[in-house]
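Participant:
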Amino acid sequence: HGCPVSVGRDWTLSELDAAVQRGPHISSMEPDAIKQIQLEAREKQQQGFATIHKWDELRMNHPRTLKLSPLAVIPQKSRKYRSILDLSFNLLVNGYKLPSVNE
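For the sequence shown, this note's numbering gives the first residue as 1362, with consecutive numbering after it.
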């Protein structure tokens, strides 16, 4: 099950909803990037490395420590894109700014 790690306080449902509504980094919204992300996600699911959940289904029964970070993509020489998480994003919920992992 891996090594225990502190991920900060649990996010509220309104904070998780705000992260979902914010969506991915703009770099991952290009049509080619979307195709690449969907292809990689399906491959990882088929290989047993990932499970794909729809937010509407996961929302009311999510892991207590769930955190969401926007997906971003960067160009690569060996393939079109590489997916990364944008851990520097700022999320504003009800006038309160959640700290990023870098703060």
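Backbone N, C-alpha and C define an ideal beta-carbon position, used for all residues, glycine too.
What you are looking at is a predicted structure, and each value in this text was computed from that prediction instead of being measured.
Looking at C-alpha atoms only, which residue of A1379, Q1399, F1410 is the closest neighbour of R1443?
Facilitator: Q1399
Participant: Among V1368, I1445, H1414, whose alpha-carbon lies nearest the alpha-carbon of Q1437?
Facilitator: I1445
Participant: Does P1431 pass the burial test, meaning 16 or more other C-beta atoms within 10 Å, or should it be called exposed?
Facilitator: buried
Participant: In the structure shown, what three-state DSSP assignment does S1388 receive?
Facilitator: helix
Participant: For a quick check, are the C-beta atoms of L1459 and L1377 less than 8 Å apart?
Facilitator: The answer is no: Cβ separation not under 8 Å.
Participant: Can you check the stretch 1390-1439 for any alpha helix (DSSP H) of at least 4 residues that lies completely inside it and give the ranges in chain order?
Facilitator: Considered as a whole, the stretch 1390-1439 harbours 1392-1407, 1416-1419 as its complete alpha helix (DSSP H) runs of no fewer than 4 residues, in chain order.
Participant: Could you check what DSSP says for V1366 in three-state terms: helix, strand or coil?
Facilitator: V1366 falls in the coil class under three-state DSSP.
Participant: Could you pull out every residue in the same chain whose Cβ sits closer than 6 Å to the Cβ of R1425, ignoring the five residues on either side in sequence?
Facilitator: D1371
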